[in-house]
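Below: the structure, in structure tokens.
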Amino acid sequence: MKFASDQAEIAIKDTLTYLSKRLSQITYGAHRKGGYPIGSGAIKSAHKFICHVRLKRSGAWWYADNSNHMMALRCARYNGTLERVFHRYANTIPLPAKP
65 MKFASDQAEI AIKDTLTYLS KRLSQITYGA HRKGGYPIGS GAIKSAHKFI
115 CHVRLKRSGA WWYADNSNHM MALRCARYNG TLERVFHRYA NTIPLPAKP
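Positions in the sequence shown are counted from 1; adding 64 to them yields the working numbering.
Here it is, written out as structure tokens:
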């Protein structure tokens, strides 16, 4: 193969090396057949739905720590692990002493 320049040759060889080391990660046809999404559209949409809808409501404001906790709860809700997360943390909250 003839390259336009030494710089082009290096860039092309580096790219081929990079891709050849990751062949198992770039099997897009198999992923499509398996029903997995290709691209970032689904993630961007989920991010908007989970994060923006809750945190960017009109008039809403959040402290960073509180917003991180809220996002953790919303993610747990939408990925089906909220009950497990709730029970795990419920057992760590100290209860007030009985009179």
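Every residue gets a Cβ at the ideal spot worked out from N, C-alpha and C, and that includes glycine.
What you are looking at is a predicted structure, and each value in this text was computed from that prediction instead of being measured.
Helix, strand or coil for Thr79? Go by DSSP, reduced to three states. helix
CB Ile90 to CB Arg96, shorter than 8 angstroms? no
Taking a contact to mean a Cβ-Cβ separation below 8 angstroms, would you say Arg138 touches Ile157 in this structure? no
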